[in-house]
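Asker: What follows is a structure written as structure tokens; I'll ask about it next.
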């Protein structure tokens, strides 16, 4: 047996009852390595949620896109180690698809698996993976039934709290320090304050922001403000929407804005919609091919209106076609980013 080994650790909500903390898994695997005379070169971890598209997902054993697992299999193909140490087989996979991906790597690159809590046999691995998948499906079904029963009873479920609220036990309560900023955001919007100006005011005032709602560590991103505005009906009529197993549930909460504010917001939202008299068709030959210093793909647009010297939104005599950088936050835009260029040919 070669002495080069790595450790793989995985935890998710599906294993909360198995007492397999990351520290316990690593400790047991290190003990196994010492027992077998192996040198541990690296520890791969899938212990936190990760982003797939626009969604944060748990590192479930049934998922084949786990970052730590993919990195480990990639390093195996580069001949960086010879042995994988794991706590149990279900730390590596809980489904047929992921199992096949792991076993194929083992076979192609002569990698060996050693488990701290059980023996590994590649011949019966498919059967154990199938059993683990059935067990996981059963756990998910029972969890869904339990959550659905709670929601039908009007009890709050886990999940991210909307700005202005916090879940305490089975109830959702107002966070007044956040609620006042919700009211300010709607008041400013009704006064026709631009979104980026609203953002600037929130940052200057050091308005609190929920940690889980700060995408890419941007303070008061435009999307965070838009999310609050899009929840206007919930803020006005006092409910939080949950979806589970194809059903929708509305849990009552205390409203943060009044109905008159909501009606003014809806009216202003409608007024802000632009309906051009005619659509100008442009052939943007470089659309989707240009990249700026932000490493973002440039987009194309035709500007039909502009801000006048008096601050009024007026129609241009001649529409202007441009390619532009889609980065909205100037603190993330490098100095050499031109922001936009003319699309004239």
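Residue numbers (this note's numbering): 3 to 347. In this text, a Cβ means the ideal position worked out from N, Cα and C, and glycines have one as well.
Can you tell me whether residue 336 is helix, strand or coil according to DSSP?
Answerer: coil
Asker: Within 10 Å of its beta-carbon, does residue 89 have 16 or more other beta-carbons around it, so buried, or fewer, so exposed?
Answerer: buried
Asker: Any chance the stretch 79–86 sits against the stretch 38–55, with 3 or more Cβ pairs inside 8 Å?
Answerer: yes
Asker: Buried or exposed for residue 268, going by 16 or more other Cβ atoms inside 10 Å?
Answerer: exposed
Asker: Assess, as a yes-or-no matter, whether the stretch 193–202 is touched by the stretch 302–318 under the definition of 3 or more beta carbon pairs within less than 8 Å.
Answerer: no
Asker: State the start and end residues of the unbroken alpha helix (DSSP H) segment that holds residue 102.
Answerer: 98–111
Asker: Using three-state DSSP, classify residue 218 as helix, strand or coil.
Answerer: In this prediction, residue 218 has a pLDDT of 49, which is less than 50 and means its spatial position is unreliable; nothing more can be read from the coordinates.
Asker: Would you grab the beta carbon distance between residue 256 and residue 168 for me? Rounded to a whole angstrom, and I think it's under 8 Å.
Answerer: Not confirmed; about 12 Å, so no contact.
Asker: Please name the residue or residues paired with residue 10 in a DSSP beta bridge.
Answerer: Beta-bridge partners assigned by DSSP to residue 10: 46, 88.
Asker: Find the nearest neighbour of residue 115 within the set 324, 78, 140, judged by alpha-carbon distance.
Answerer: Per the Cα distances, 78.
Asker: Give the range of the beta strand (DSSP E) segment to which residue 173 is assigned.
Answerer: 173–176
Asker: Candidates 261, 93, 329, 220: which alpha carbon is nearest residue 12's?
Answerer: 93
Asker: Express the C-alpha separation of residue 324 and residue 68 in angstroms, rounding to a whole number.
Answerer: Near 39 Å, if we compare the C-alpha coordinates of residue 324 and residue 68.
Asker: Would you grab the beta carbon distance between residue 221 and residue 205 for me? Rounded to a whole angstrom, and I think it's under 8 Å.
Answerer: 6 Å
Asker: From residue 117 to residue 163, what distance separates their C-alpha atoms?
Answerer: 39 Å
Asker: Measuring alpha carbon to alpha carbon, tell me which of 29, 28, 25, 45 ends up nearest residue 8.
Answerer: The option with the nearest alpha carbon to residue 8 is 45.
Asker: Output needed for residue 258: all residues of its chain with C-beta closer than 6 Å, excluding positions within five of it in sequence on either side, in chain order.
Answerer: 166, 181, 184, 237
Asker: With H, G and I counted as helix, E and B as strand and the rest as coil, what does DSSP make of residue 193?
Answerer: coil
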